[in-house]
Amino acid sequence: MAPFRLAILEADTPLPGIDARYGGGYRGVFTHLFTRAVAPAPLESLLSITGHDVVNDPSSYPSLDDIDAVLITGSKHSAFEDDEWVTTLVEFTRKALLTTSPDAREGTHPVPVVGVCFGHQIVGRALGSLVQRSDRGWEISVTETRLTETGRELFGKDSLKIQQMHRDQVFGLPAGAQLLAETDKCPNHGFVIPGRVITVQGHPEFTADMMKEILETRYPRGLFSKEEFDNGMDRRADEQDGVLMAQVFLKFLQQGQQKAGAA
């Protein structure tokens, strides 16, 4: 069986230290995550990952006919902005999620989407949900999220610990979506539409060293209080479930591919 073709839509550039350690922008960061998720199997035998700089190069978008799924990364930008590249990404996401019959558009098919943080918010916006800055402030570093019944079925746990770096949120659920997780600060920590989309508000791709660099870069800019910064630094290396989440993403996508093939 040919490797599953995953297009990473890179909505930002990693900080210099992160980029140097993992290489290749957010494609490199997610390659590191998925390599751990499939170990000891070699990643290249299961997954073919391409990176696409959708912020700076609109021509980099992949053809939907040439990929099996899309993953939209996190970003320092806000998904409710109307910059041209953001609205283009929203429209591409909406197009990827369209359900069409095989003969409605020759050679095309619905492409499942994984949304991570900003990507979760882009998917929410594409499907009609409100995305705004929350008045409850930041969630940063490793945070425990409460799983819903649907979330528990998918992840096999009662809760997930995951790195966070956000103060924007998706309010409400798109039509047909099932909520996966919540916290007191953020009622929508991800959702799923079977066969079409799975999203999470957190960052399964972040490691303790990545979070340290992000906190140390953003704190001097006044984004966090001293208390938030210290608390985030204390929790950055706590046990977290990023690899498990990546394994669930892959299972979700592969099951969707099998169903499409059967159809």
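In this text, residue positions in the sequence shown follow UniProt numbering: the first is 1, and each later residue adds one. Cβ coordinates follow ideal geometry from the N, Cα and C atoms, glycine included. All values derive from a computational prediction rather than experimental measurement.
Cβ shell of residue i (< 6 Å), same chain only, five flanking positions each side left out
{"i": "residue 78", "result": "168"}
{"i": "residue 17", "result": "213"}
{"i": "residue 188", "result": "170"}
{"i": "residue 143", "result": "164"}
Distance cut-off 6 Å: residue i Cβ against heavy atoms of the ligand MN
{"i": "residue 59", "result": "The ligand MN is absent from the structure shown, which contains no ligands of any kind."}
Rounded Cβ spacing between residue i and residue j (contact assumed at less than 8 Å)
{"i": "residue 121", "j": "residue 139", "result": "Actually they do not touch by this definition, with Cβ atoms about 13 Å apart."}
{"i": "residue 73", "j": "residue 4", "result": "At roughly 18 Å, the Cβ-Cβ gap does not stay under 8 Å, so residue 73 and residue 4 are not in contact."}
{"i": "residue 61", "j": "residue 55", "result": "Contact flag wrong, Cβ pair sits at about 12 Å."}
Beta-carbon spacing of residue i, residue j below 7 Å
{"i": "residue 126", "j": "residue 87", "result": "no"}
{"i": "residue 180", "j": "residue 197", "result": "no"}
{"i": "residue 52", "j": "residue 2", "result": "no"}
{"i": "residue 114", "j": "residue 30", "result": "no"}
{"i": "residue 243", "j": "residue 96", "result": "no"}
{"i": "residue 141", "j": "residue 235", "result": "yes"}
{"i": "residue 233", "j": "residue 215", "result": "yes"}
{"i": "residue 230", "j": "residue 161", "result": "no"}
{"i": "residue 43", "j": "residue 50", "result": "no"}
{"i": "residue 194", "j": "residue 128", "result": "no"}
{"i": "residue 70", "j": "residue 154", "result": "no"}
{"i": "residue 150", "j": "residue 178", "result": "yes"}
Cβ-based neighbour list, residue i, same chain, cut-off 7 Å, excluding 5 preceding and 5 following
{"i": "residue 130", "result": "171 and 172"}
{"i": "residue 247", "result": "37"}
{"i": "residue 45", "result": "3"}
Environment of residue i [buried if 16+ CB atoms lie within 10 Å]
{"i": "residue 239", "result": "exposed"}
{"i": "residue 205", "result": "buried"}
{"i": "residue 14", "result": "buried"}
{"i": "residue 63", "result": "exposed"}
Problem set entry | 4-residue-minimum alpha helix (DSSP H) runs that sit fully inside the region 4 to 88, ordered along the chain | DSSP runs (the alpha helix (DSSP H)) wholly in the region 4 to 88: 16 to 22, 25 to 38 and 43 to 46.
For this session: Entirely within the UniProt domain "Glutamine amidotransferase" (104 to 213) and at least 4 residues each: give me those alpha helix (DSSP H) ranges in chain order.
Result: Qualifying alpha helix (DSSP H) stretches, in chain order: 118 to 126 and 149 to 155.
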